[in-house]
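Visitor: In the numbering used here, the protein residues as written are 410 to 729.
Here it is, the structure in full.
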């Protein structure tokens with residue numbers, strides 16, 4: 410009798426464990442909440458999470474976006490980006506198109522398709538990477554809709570509405586007053602691609618879209634180790650950016666991603682071990698808080714893979 414009971418208990422334990430041993434994923438009941446965002450939870454056995462976001466599109470994307478960003482020159486660049494993204498366990502790439510540093514980098518949908526066909530990366534499309542140029546807001550909307558018309562309702566293609574436009578380009582409006590009509594147009598066209606916005610320093614940015622009729626899926630920030638966010642120059646510490654990120658994280662339900670973080674805005678020639686270490690520390694800090702991070706890999710006059718090699722020379726990925 411004792412032996413029968415032992416066999417019965419062993420069988421019960423085996424039956425209980427079998428579904429979890431071979432399952433690729435398992436889904437928990439109910440909802441999971443991080444930073445005020447209600448999402449369904451799917452957890453892999455390796456510990457990775459995917460979330461259904463509470464933005465306008467509520468599509469399944471990885472909440473913690475992590476990757477490189479820049480503009481590839483050719484297929485070799487894209488292969489190197491894909492290879493390094495796989496090696497360092499990244500899940501996304503932010504691709505930027507614009508005019509900067511005197512070099513034209515026009516939009517190229519075939520590059521986005523190349524990433525979709527040859528990797529599992531989620532792609533943020535920064536279609537209008539304006540910096541100091543005057544912004545034609547009608548064109549911004551048209552360009553966003555053009556991207557979405559090609560990659561319609563593809564949850565791996567995130568459309569970036571704007572990037573670091575100077576205050577003078579807003580004609581007295583807030584960031585959110587400017588981008589809200591564009592988000593409304595995307596919603597009206599019934600595109601379900603995720604959306605992101607990037608504006609890194611203005612006070613109204615930290616309000617994360619209060620009063621917007623169409624909310625974002627992600628809210629972006631930028632930070633570099635040689636500028637106003639830097640502990641090195643003594644003007645404002647990195648803690649300033651970290652503090653604002655935490656305030657935004659606690660005040661709203663829009664997931665955050667630092668879509669540009671780097672050692673120096675002036676390029677690889679200005680990198681140092683101290684700056685690269687600070688970059689690594691910031692990325693670790695952000696990921697511990699479910700904040701996405703993208704390593705800026707080129708000024709437009711420099712191949713992103715060359716810029717990446719400079720980071721590798723300073724061992725950026727040690728410990729990431």
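C-beta atoms are modelled at their ideal positions from N, C-alpha and C, and glycine is treated no differently.
Only a predicted model underlies this, so the values are computations on that prediction, with no experimental measurement involved.
(1) Suppose contacts are defined by Cβ-Cβ distances below 8 Å. Is residue 593 in contact with residue 558 by that definition?
(2) In whole angstroms, what separates the C-alpha of residue 694 from that of residue 712?
(3) In terms of residue numbering, what span does the beta strand (DSSP E) encompassing residue 538 cover?
(4) Does DSSP put residue 714 in a helix, in a strand, or in coil?
(5) Give me the Cα-Cα distance between residue 574 and residue 727, rounded to the nearest whole angstrom.
(6) Determine the burial state of residue 492: buried for a count of at least 16 other Cβ atoms within 10 Å of its Cβ, exposed for fewer.
(7) Where residue 686 and residue 597 are concerned, what is the direct C-alpha to C-alpha distance, given to the nearest angstrom?
(8) Can you name, in chain order, every residue of its own chain whose Cβ lies under 6 Å from the Cβ of residue 642, other than the five neighbours on each side?
(9) Which runs of the alpha helix (DSSP H), 4 residues or longer, sit entirely within the region 479-537?
(10) What residue does the alpha helix (DSSP H) around residue 627 start on, and which one ends it?
(11) Can you name the start and end residues of the alpha helix (DSSP H) that residue 547 belongs to?
(12) Sorted by chain position, which residues of the same chain lie with C-beta nearer than 7 Å to residue 500's C-beta, five sequence neighbours on each side aside?
(13) Can you give the Cα-Cα distance for residue 652 and residue 691, rounded to whole angstroms?
(14) Report all residues from its chain with a CB closer than 7 Å to the CB of residue 587; omit the five preceding and five following residues, and keep chain order.
(15) Work out the CA separation of residue 689 and residue 722 for me, nearest whole Å.
Guide: So, to answer that:
(1) Taking the first residue of the chain shown as 1, we reach residue 593 at position 184. Taking the first residue of the chain shown as 1, we reach residue 558 at position 149. No, they are not a contact pair.
(2) Position 285 of the chain shown holds residue 694. Position 303 of the chain shown holds residue 712. Residue 694 and residue 712: Cα-Cα distance of roughly 28 Å.
(3) As a working mapping, residue 538 is identified with position 129 in the chain shown. Counting along the chain, residue 538 falls outside any beta strand (DSSP E), and DSSP gives it neither H nor E.
(4) Position 305 of the chain shown, counted from the first residue, corresponds to residue 714. Looking at residue 714 - three-state DSSP - the assignment turns out to be helix.
(5) For the purposes of this step, residue 574 is identified with residue 165 of the chain shown, where counting begins at 1. For the purposes of this step, residue 727 is identified with residue 318 of the chain shown, where counting begins at 1. Distance between the alpha carbons of residue 574 and residue 727: 33 Å.
(6) Position 83 of the chain shown, counted from the first residue, corresponds to residue 492. Counting Cβ neighbours within 10 Å, residue 492 comes out exposed, since fewer than 16 surround it.
(7) Along the chain shown, one-based indexing puts residue 686 at 277. Along the chain shown, one-based indexing puts residue 597 at 188. When rounded, the distance between both Cα atoms is 45 Å.
(8) Mapped onto the chain shown, residue 642 falls at position 233. Annotation note: pLDDT 47 at residue 642 (below 50); position unreliable, no value reported.
(9) 484-496, 518-527
(10) Reading the chain shown from its first residue, position 218 is the one you call residue 627. Looking at the DSSP string, residue 627 is not in any alpha helix (DSSP H); the run it does join, the beta strand (DSSP E), is 627-633.
(11) As a working mapping, residue 547 is identified with position 138 in the chain shown. 546-559 is the extent of the alpha helix (DSSP H) around residue 547.
(12) If you number the chain shown from 1, residue 500 lands on position 91. The answer, listed in chain order, is 471, 474, 475, 476, 530, 531.
(13) Translated into positions along the chain shown, residue 652 becomes position 243. Translated into positions along the chain shown, residue 691 becomes position 282. Distance between the alpha carbons of residue 652 and residue 691 is about 12 Å.
(14) As a position in the chain shown, residue 587 is number 178, starting the count at 1. 546, 579.
(15) As a first step, residue 722 is located in the chain shown; it is residue number 313 there, counting from the start. As a first step, residue 689 is located in the chain shown; it is residue number 280 there, counting from the start. The alpha-carbon atoms of residue 722 and residue 689 are separated by roughly 13 Å.
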